[in-house]
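Residue numbers for the sequence shown follow this note's numbering, beginning at 47 and rising by one. The beta-carbon is built from N, C-alpha and C at its ideal position, and this holds for glycine as well.
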Amino acid sequence: MNREIGANIDPYNIYGPLCLDSNTSSTDIKNKKIYGYYVCGSDYVTKYLNLPKVQEAMHANTTKLPFSWSMCSLVLTRWIDSPSTMIPIYKRLIASRLQILIFSGDVDAVVPVTATRYSLDAMNLKVLKTWHPWHYGSKSTQVTAGYQVVYEGLSFATVKGSGHEVPKNKPQSAFALLNTFLTNHKH
47 MNREIGANID
57 PYNIYGPLCL
67 DSNTSSTDIK
77 NKKIYGYYVC
87 GSDYVTKYLN
97 LPKVQEAMHA
107 NTTKLPFSWS
117 MCSLVLTRWI
127 DSPSTMIPIY
137 KRLIASRLQI
147 LIFSGDVDAV
157 VPVTATRYSL
167 DAMNLKVLKT
177 WHPWHYGSKS
187 TQVTAGYQVV
197 YEGLSFATVK
207 GSGHEVPKNK
217 PQSAFALLNT
227 FLTNHKH
């Protein structure tokens, strides 16, 4: 995919701004809040989560690993005991009568909506409500935040204009989506 996208597009949010390297001046994009979030916020999160006091408070890195924590560690590329697909796990959860919400930003090229739709299609779930827009806000300020399909035991929603990290890219939409799901599925 990197061959197609190139270095000037963030594959996790193809329309989002890029976080430039540390040589970028403070007047440039690095320190600006754009699209409702700090573009380079993950840089600050990484530094913060590597502080010894923070790791101690979180009971993290208790074994004193010889490397720093990072958002996308190469250690995960060598992780061999994870499932190759979530489909059997979803089926077990649905059989246990748990309701599942899956959501995807619609400008994420790493886990695109179409890939999730193909996976869900392979599960052959009964469709309870076909694709339809989902909204939040009052009638006068209602926002179409994405589209949704409801299956037996599982709902899949897109979040319009969001990349891979929906709560970061579209926090109001993420909150509305999760709040509605949890409110409608109380046991």
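Of the residues A191, E198, N230, the one placed nearest P217, counting alpha carbons only:
A191
State buried or exposed for N54, treating a residue as buried only when at least 16 other CB atoms are found within 10 Å of its CB.
exposed
Helix, strand or coil at Y90 according to DSSP, with G and I counted as helix
helix
Short Cβ contact (9 Å threshold) for I140 with A168
no
Kindly give me the distance between the Cβ atoms of V156 and H210, rounded to whole angstroms, as I take these residues to be in contact under 8 Å.
6 Å
Answer yes or no: do I148 and A203 have a C-beta to C-beta separation smaller than 9 Å?
yes
Considering only C-alpha positions, which residue in the set P213, P98, V196 is nearest to K172?
V196
Between the CA atoms of S184 and Q225 - distance to the nearest angstrom
A small correction: the amino acid at residue 225 is Asn; Gln does not occupy that position in the sequence shown. Straight-line Cα distance between these residues: approximately 15 Å.
Going by C-alpha to C-alpha distance, which of K214, T108, S114 sits closest to Y94?
S114
Closer than 6 Å by C-beta to K175: which residues in its own chain qualify, once you throw out the five before and the five after it? Chain order, please.
V196
Alpha carbon to alpha carbon, how far is K99 from L111? Give it in angstroms, no decimals.
15 Å
Distance between N107 and Q101 (C-alpha atoms, nearest Å):
6 Å
So, for A222: in the same chain, excluding its five sequence neighbours on each side, which residues have a beta-carbon less than 7 Å away from its beta-carbon?
Y182, A191
Can you name the residues that DSSP bridges to L200?
I146, Y197
Which residues does DSSP list as the beta-bridge partners of W177?
None, per the DSSP bridge assignment.
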